[in-house]
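Number of protein chains: 2
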Amino acid sequence: MLIKEDDIPALARGCAVLGTGGGGDVRTGSLAARRAIQAHGGVPLITLADLPEDALILPLSGIGAPTVSHEMIHSEDEPKRIAEEAERIFGRAPAAVMSSEIGGGNGVAPVAWAAQLGLPLLDADGMGRAFPEVQMVSMYVAGLPADLVIMSDVAGNVVTIRPVDGLWSERLARAVCVAAGSSALMADYVLTAAQARGAVIEGTVTRAIAVGRSTEQTADPLGALQDELGARRLITGKLTDVERRTSGGFVRGSAVIEGTGADRGRTLTLELQNENLVALEDGRVRAIVPDLITVVDTETAIAVQTESLRYGQRVTVLAWACDPLWRTVKGLETAGPAAFGYDLDYVPVEELA
Amino acid sequence: MLIKEDDIPALARGCAVLGTGGGGDVRTGSLAARRAIQAHGGVPLITLADLPEDALILPLSGIGAPTVSHEMIHSEDEPKRIAEEAERIFGRAPAAVMSSEIGGGNGVAPVAWAAQLGLPLLDADGMGRAFPEVQMVSMYVAGLPADLVIMSDVAGNVVTIRPVDGLWSERLARAVCVAAGSSALMADYVLTAAQARGAVIEGTVTRAIAVGRSTEQTADPLGALQDELGARRLITGKLTDVERRTSGGFVRGSAVIEGTGADRGRTLTLELQNENLVALEDGRVRAIVPDLITVVDTETAIAVQTESLRYGQRVTVLAWACDPLWRTVKGLETAGPAAFGYDLDYVPVEELA
Chain A
334 MLIKEDDIPA
344 LARGCAVLGT
354 GGGGDVRTGS
364 LAARRAIQAH
374 GGVPLITLAD
384 LPEDALILPL
394 SGIGAPTVSH
404 EMIHSEDEPK
414 RIAEEAERIF
424 GRAPAAVMSS
434 EIGGGNGVAP
444 VAWAAQLGLP
454 LLDADGMGRA
464 FPEVQMVSMY
474 VAGLPADLVI
484 MSDVAGNVVT
494 IRPVDGLWSE
504 RLARAVCVAA
514 GSSALMADYV
524 LTAAQARGAV
534 IEGTVTRAIA
544 VGRSTEQTAD
554 PLGALQDELG
564 ARRLITGKLT
574 DVERRTSGGF
584 VRGSAVIEGT
594 GADRGRTLTL
604 ELQNENLVAL
614 EDGRVRAIVP
624 DLITVVDTET
634 AIAVQTESLR
644 YGQRVTVLAW
654 ACDPLWRTVK
664 GLETAGPAAF
674 GYDLDYVPVE
684 ELA
Chain X
334 MLIKEDDIPA
344 LARGCAVLGT
354 GGGGDVRTGS
364 LAARRAIQAH
374 GGVPLITLAD
384 LPEDALILPL
394 SGIGAPTVSH
404 EMIHSEDEPK
414 RIAEEAERIF
424 GRAPAAVMSS
434 EIGGGNGVAP
444 VAWAAQLGLP
454 LLDADGMGRA
464 FPEVQMVSMY
474 VAGLPADLVI
484 MSDVAGNVVT
494 IRPVDGLWSE
504 RLARAVCVAA
514 GSSALMADYV
524 LTAAQARGAV
534 IEGTVTRAIA
544 VGRSTEQTAD
554 PLGALQDELG
564 ARRLITGKLT
574 DVERRTSGGF
584 VRGSAVIEGT
594 GADRGRTLTL
604 ELQNENLVAL
614 EDGRVRAIVP
624 DLITVVDTET
634 AIAVQTESLR
644 YGQRVTVLAW
654 ACDPLWRTVK
664 GLETAGPAAF
674 GYDLDYVPVE
684 ELA
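Each protein sequence line maps, in turn, to chains A and X.
Each residue of the first sequence is one higher than the one before, counting from 334 in our numbering.
Each residue of the second sequence is one higher than the one before, counting from 334 in our numbering.
Dropping the structure here:
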């Protein structure tokens, strides 16, 4: 498949849904992807089977607070500087770009980065959603060594980190990101096609496009989206309180939705850290990370990202199961409730009342 | 010359004097240097003339707040990891270690790093003193590109920065340092012997040893030191107020010395940022960066580093001329009063009343 300009709106809508509020602004990513396709042509979407065993895959993502990346568009130079540094280190040029996280702008922008580099995009990512911290990727859960991070910022700096582990990777990359103005482009877990087997989540670009297409040309976008995702509806109502603060390269906060219509009298509270992490009702968990929780516009079923939450919006909160990888012991250690500082047990969303 | 264990005390005393309060704790550096010489033997001290044109020089320094580096001793692994990364990048191993700053522990510890790497130490440095920020080196003033910084911390992480300029180099290196616990080992301006000519300050290891030796076996250490340095005495008195705070990887603060004896009734205030930057008396500048200002024990003439300033100490403040490089336009732009946020003109210490 060739990703063309008119695929971008569906991809962007799907990535916003899979982003659970985060992953960077999809509008910025869409704009970059459309411009790059206009300049360089469509981007071939390939699978792991299309690549030789030793082909180098460059997983790219923006890192930073969404409220900042919203304002800053990455330049064409950043992927080039990262690809050059990867070639300098590995002795050969990357053969494909991969999205590190399919959620949010980080799922869409890799189309731009691939187009700018003249490379195909791999139909896979490292999360199947969005997560706020850089070690929260499938490659880490699969046990690949977190031994190299390459970053570049809009000023033109290139920083290469050889961390002793994934937590140091996050700590150092985050510090560099904050120093660079809370926004940078990053390659994490540069890997061969052979290493990628079982260590990336395949098919997620195709899935994001399908999720985005599901709400097109239907009288019931919300129902269609719910079916496509296999999601449960936690509440339909009105946003009555939103609290956000940007600190240390993250957006943290909470959002309160008061039920309307059939849900009148109920209140759902979302805890945020770039992404929606926990949905609480009357002190009970209704859904919790790593399962996916997304706020959508009740009428259009378009996802509302964290930075766009506004008082008075009419929204529905959907929740559905994460990739099985995140439900393993290592997966939950990496991105379960405790990894975010919550003293709450993980219970799969389909088992919660 | 071979630097032997019994040269270390004189080197350490000299480096403390040249450190103008900063440059990292000399006790930690001395301990590391003595241990490394015991384990690996003495370190040859060489000059630029001893090196082939394309020999690679590895300028090393600790970066961080002195109050932290005092507590953390760098491991043997850090210089090795940095040398390996330099070899990976340049395709050949470094031929010599150089001190980035001769002041403080950063002037002494390179003896340890050279011994651990089995390399000679170059009789030169990048400051002729100590400065708090990483771009404040002679290589920067000489116009060498600030295009590579290699850092390693005690946890084992290695970070390589390819900054667009010296200010970004400082900003990113400082962020990494803070994330790494406010202490890291750093190679900045890795350069060839050919590039080093005119871009490093030669003879400073020899000078530090001579400064340290000047106070040995004399009835008047203070007078001997003053003569050796060509320094002027700003005040002799008692430390009556010391204010220090560690923030952003720096120690900032001030110290007040009230005159005693012939200086009774006079008060000198020092402004600090790791180093002593300005000496003020009655609102008038008595000495100012980049000229050197050092607090010494009045009786022993041993330098008192910033982190050791204590209420009640009997001290004398000496000030003397910096290397001519720092008095050039580019030198003053880089490390003159304005570079530290002072709205004060630079006047050479010998022209001040």
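Note that beta-carbon positions come from the ideal geometry of N, C-alpha and C, so glycine has one too.
Computed from a predicted structure; not experimentally measured.
Helix, strand or coil at residue i according to DSSP, with G and I counted as helix
| i | result |
| --- | --- |
| E466 (chain X) | coil |
| L481 (chain A) | coil |
| T649 (chain A) | strand |
| M472 (chain A) | helix |
| P657 (chain X) | helix |
| E591 (chain X) | strand |
| T353 (chain A) | coil |
| D339 (chain A) | helix |
| S432 (chain A) | strand |
| Q371 (chain A) | helix |
| G499 (chain X) | helix |
| G362 (chain X) | helix |
| S516 (chain A) | strand |
| F673 (chain A) | helix |
| I635 (chain X) | coil |
| P681 (chain X) | coil |
| V487 (chain X) | coil |
| G438 (chain X) | helix |
Neighbour flag for residue i against chain X, beta carbons, 9 angstroms
| i | result |
| --- | --- |
| T579 (chain A) | no |
| V497 (chain A) | yes |
| V509 (chain A) | yes |
| V401 (chain A) | For V401 (chain A), the predicted model reports a pLDDT of 43, less than 50, meaning its position is unreliable; a value from the coordinates is still stated below. Chain X, which has no Cβ nearer than 9 angstroms to the Cβ of V401 (chain A), makes this no. |
| E418 (chain A) | yes |
Proximity test, Cβ basis, 9 angstroms: residue i and chain A
| i | result |
| --- | --- |
| V467 (chain X) | no |
| R421 (chain X) | yes |
| M405 (chain X) | Caution is warranted here: a pLDDT of 46 is assigned to M405 (chain X), below 50, making its placement in the model unreliable, and no coordinate value can be reported. |
Close Cβ partners of residue i (< 6 angstroms) along its chain, the five nearest in sequence each way excluded
| i | result |
| --- | --- |
| G592 (chain A) | I568, G570 and R599 |
| G562 (chain A) | Before going further, note that residue 562 (chain A) is Leu rather than Gly in the sequence given. The answer, listed in chain order, is W653. |
| E604 (chain A) | S587, L610 and V611 |
| S363 (chain A) | I341, A345 and V441 |
| S394 (chain A) | S433, E434, N439 and M519 |
| P690 (chain X) | Beyond the ends of chain X as shown, which are 334 and 686, falls residue 690 (chain X); an answer cannot be given. |
| D486 (chain X) | A513 and A517 |
| L613 (chain X) | T602 |
Within chain A, partners of residue i - CB distance below 7 angstroms
| i | result |
| --- | --- |
| R504 (chain X) | A512 |
7 angstroms Cβ cut-off: residues of chain X touching residue i
| i | result |
| --- | --- |
| G489 (chain A) | V497 |
| W501 (chain A) | A488 and N490 |
Neighbour list for residue i in chain X, Cβ cutoff strictly below 9 angstroms
| i | result |
| --- | --- |
| I396 (chain A) | Going along chain X, no residue has its Cβ under 9 angstroms from I396 (chain A), so there is no contact; the nearest lies around 13 angstroms. |
| I494 (chain A) | N490, V491, V492, T493 and V509 |
Any non-hydrogen atom of the ligand PLP within 8 angstroms of residue i CB
| i | result |
| --- | --- |
| T551 (chain X) | The ligand PLP is not among the ligands present in this structure, which contains no ligands whatsoever. |
Chain-ordered chain C contacts of residue i [CB-CB under 8 angstroms]
| i | result |
| --- | --- |
| W653 (chain X) | Looking at the structure shown, chain C is missing, and the protein chains on hand are A and X. |
Beta-carbon proximity list for residue i, same chain, < 8 angstroms, skipping 5 on both sides
| i | result |
| --- | --- |
| I379 (chain A) | A429, P453, L454, L455 and D456 |
| T633 (chain X) | T548 and P554 |
| V401 (chain X) | Summary for V401 (chain X): the model assigns pLDDT 43, below 50, so the residue's position carries little reliability; its value from the coordinates is reported in the next sentence. The answer, listed in chain order, is G514, S515, S516 and T579. |
| G374 (chain X) | A448 |
| Y644 (chain X) | L572, T573, D574 and V575 |
| I542 (chain A) | D340, A343, L344 and G347 |
Sequence-distant residues of its chain with Cβ nearer than 7 angstroms to residue i (five each side left out)
| i | result |
| --- | --- |
| R425 (chain X) | L389 |
| E418 (chain X) | I483, V491 and T493 |
| D498 (chain A) | A479 |
| R367 (chain A) | E338 and I341 |
| L477 (chain X) | Y522, L524, Q528 and A532 |
Limits of the unbroken beta strand (DSSP E) element including residue i
| i | result |
| --- | --- |
| K571 (chain A) | R565 to S580 |
Span of the alpha helix (DSSP H), counted from its first residue to its last, around residue i
| i | result |
| --- | --- |
| L558 (chain A) | P554 to L562 |
| E417 (chain A) | D410 to F423 |
| G531 (chain X) | Run containing G531 (chain X): none; DSSP gives neither H nor E here. |
| V618 (chain X) | Run containing V618 (chain X): none in the alpha helix (DSSP H); it sits in the beta strand (DSSP E), R617 to I621. |
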